[in-house]
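Undergrad: Pasting a structure below so you can have a look.
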Amino acid sequence: MISLTSPIKTRAHGWRAGPKLLALCVATMVLFSQNSLAFHAIVFVVVMGLYTLPGLTFLRFGTRRLRGLWPFVTVVLIWHFVTDDTIAGAVISLRLLSAVALANLVTLTTKLSDMTDVVRFLTTPLRRFGLQTLFLELGVALVVRFTPVLTHKGAQLSDAWRARSHKRPKWHVLVPFAVLVIDDAEYVADAIKARGGLER
Amino acid sequence: MERNLTLIALFAALIAALGLIPAFTLAFGVPITAQSLGVMLCGTILGAKRGALAVLLFVLLVAMGLPLLAGGRGGLGVFASPTVGFLIGFPIGAFVTGLMVEKLRIGSLGVTSALAAAVGGILVVYAFGVVGMAVALDKTIPEATLLIVSFIPGDLIKAILAGVVTAALYKARPNSVLSRA
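Protein sequences, first through last, are from chains A and B.
Our numbering puts the first residue of the first sequence at 1, with every later residue one more than the last.
Our numbering puts the first residue of the second sequence at 1, with every later residue one more than the last.
Right, here's the structure in full:
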């Protein structure tokens, strides 16, 4: 399973995840509290500057991840152009792009293991109350392991359907897919039990 | 205990897998990309608590930076984008869906599940989705509703499918539908 962490090493890769997330929270709050076009234009340029620091490949990688926002930006700009409030449209669009770009920047420069540590830290109070967070950690590992497995099995079901029919596989594949997922869950549960189970 | 954990984790993986397999195309050519069908199935099959936990685990992994959303999206950027409300609404939608399947007895299980999926997976999820979009794009609630109303027909088809799949699963293996076990 590939995480979204950038393979291009930046200085921010070495920083701790907690402060980065905290800084992101503060930055997002500031972005949403300001309404001046000049402020948002400067912030956007600065954010893009941050992306340029590790090199152009990193910038290209980062801007590619913003592509999903274009429909929203287009709609907002047209909307505000029609309602004769183009400046507000530009502010909203720039704020959106900066906020998402900053959040992506944290994801790009933080390893999955560092994020797991943050989750572990945040769930400390739960452990104080006697709740076992081992479930959460094992659950995360299982999803990471089984997403590619299930994707592969789903593709196999589609192939099996195509081998029998000239039509494309439709929703009919979903029932055996659900059965398959439940069976796998049973097998893994048995395997965990056989290794001593979750009760501590 | 072990079984609950593995079911929750594997259904979270199922939501992810549904977003990654492009081959599934519904009737009328609507692709299952939004993964909302997976969210609905978590509720109708696993029930309220387990269903909501499965979806919550999925959302947590997206936040941690795994590209599990349709189109390989993921990471914290999704939580700053206009679609954030949907992500927050997903676990609650699955909970409501599961609760309705557990408590309601209207007609067959298929009908109940489809209705529950429509209420939980569409009404509840869209309520959060609209608020998220209104905040991110600085629009009023009616304006934000206008922006996403076109996605409802596709989701209605998915709600009906969730009912059909749950009913078929119940017919073949009643014990697997935990919301009614």
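No residue lacks a Cβ here, since even glycine has one placed at the ideal position from N, Cα and C.
(1) Determine the burial state of B:Gly-29: buried for a count of at least 16 other Cβ atoms within 10 Å of its Cβ, exposed for fewer.
(2) For the stretch 1 to 22 of chain B, which residues have a CB atom closer than 7 angstroms to at least one CB atom of chain A, in sequence order?
(3) Are any of the Cβ atoms in chain B nearer than 8 angstroms to that of A:Met-1?
(4) Please tell me whether A:Arg-16 has its Cβ less than 8 angstroms away from any Cβ of chain B.
(5) A:Gly-197 and A:Phe-121 look like a contact to me (Cβ under 8 angstroms); what is the Cβ gap, rounded to whole Å?
(6) Closer than 7 angstroms between beta carbons: that is the criterion. Which residues of the stretch 129 to 158 of chain B meet it against chain A?
(7) Taking C-alpha atoms, which residue in B:Ile-106, B:Val-124, B:Ser-179 lies nearest to B:Leu-99?
(8) Using a Cβ-Cβ cutoff of 9 angstroms, what residues of the stretch 76 to 89 of chain B are near chain A? List them in chain order.
(9) Alpha carbon to alpha carbon, what distance is there between B:Phe-95 and B:Phe-11?
(10) Where A:Leu-138 and B:Val-119 are concerned, what is the direct C-alpha to C-alpha distance, given to the nearest angstrom?
(11) Using a Cβ-Cβ cut-off of 8 angstroms, state whether A:Thr-57 counts as contacting chain B.
(12) So that I know if they touch, is there some Cβ in chain A lying closer than 8 angstroms to that of B:Arg-173?
(13) Answer yes or no: do A:Met-115 and B:Gly-65 have a C-beta to C-beta separation smaller than 8 angstroms?
(14) Please list, in chain order, the chain B residues whose beta carbon lies closer than 7 angstroms to that of A:Asp-184.
(15) Any Cβ of chain B within less than 8 angstroms of the Cβ of A:Glu-199?
(16) Less than 8 angstroms between the CB atoms is what I'm expecting for B:Ala-162 and B:Met-40, so what's the real figure, rounded?
TA: According to the data block:
(1) The residue labelled residue 29 of chain B in the question sits at position 29 within the second sequence. Confidence at B:Gly-29 is low in this model, with a pLDDT of 43, below 50, so the placement of that residue should be treated as unreliable; the coordinate-derived value is given next. Exposed is the call here.
(2) Met-1, Glu-2, Arg-3, Leu-5, Thr-6, Leu-7, Ile-8, Ala-9, Leu-10, Phe-11, Ala-12, Ala-13, Leu-14, Ala-16, Ala-17, Leu-20, Ile-21
(3) In the first sequence, the residue the question calls residue 1 of chain A occupies position 1. Residue confidence for A:Met-1 is low, a pLDDT of 49 falling below 50, so the modelled location carries little weight; the figure read from the coordinates is stated next. Among the residues facing chain B, A:Met-1 is included, as its CB has a counterpart in that chain under 8 angstroms away.
(4) Within the first sequence, numbered from 1, the residue matching residue 16 of chain A stands at position 16. No, because no Cβ of chain B sits closer than 8 angstroms to the Cβ of A:Arg-16.
(5) Walking along the first sequence from the start, residue 197 of chain A turns up at place 197. Walking along the first sequence from the start, residue 121 of chain A turns up at place 121. Not a contact, Cβ separation roughly 27 angstroms.
(6) Ala-136, Leu-137, Asp-138, Leu-147
(7) If you number the second sequence from 1, residue 99 of chain B lands on position 99. It is B:Ser-179 whose Cα lies nearest to the Cα of B:Leu-99.
(8) Leu-76, Gly-77, Val-78, Phe-79, Ala-80, Ser-81, Pro-82, Thr-83
(9) Your numbering for residue 11 of chain B matches position 11 in the second sequence. Your numbering for residue 95 of chain B matches position 95 in the second sequence. For B:Phe-11 and B:Phe-95, the distance between alpha carbons rounds to 14 angstroms.
(10) Residue mapping note: residue 138 of chain A aligns to position 138 of the first sequence, counting from 1. Residue mapping note: residue 119 of chain B aligns to position 119 of the second sequence, counting from 1. Cα to Cα, A:Leu-138 sits roughly 32 angstroms from B:Val-119.
(11) Locating residue 57 of chain A in the first sequence gives position 57, where the first residue counts as 1. Judged by the 8 angstroms Cβ criterion, A:Thr-57 is not in contact with chain B.
(12) The sequence position of residue 173 of chain B within the second sequence is 173, counting from 1. For B:Arg-173, the answer is yes, since a Cβ of chain A falls inside 8 angstroms of its Cβ.
(13) As a first step, residue 115 of chain A is located in the first sequence; it is residue number 115 there, counting from the start. As a first step, residue 65 of chain B is located in the second sequence; it is residue number 65 there, counting from the start. Yes, the pair counts as a contact, with Cβ atoms nearer than the cut-off.
(14) On the first sequence, residue 184 of chain A is found 184 positions in, with the first residue counted as 1. Annotation: Cβ neighbours of A:Asp-184 in chain B (cutoff 7 angstroms, chain order): Leu-10.
(15) By one-based count along the first sequence, residue 199 of chain A stands at place 199. Output row for A:Glu-199: interface = yes.
(16) Within the second sequence, numbered from 1, the residue matching residue 162 of chain B stands at position 162. Within the second sequence, numbered from 1, the residue matching residue 40 of chain B stands at position 40. Sure, about 4 angstroms apart at Cβ, within 8 angstroms.
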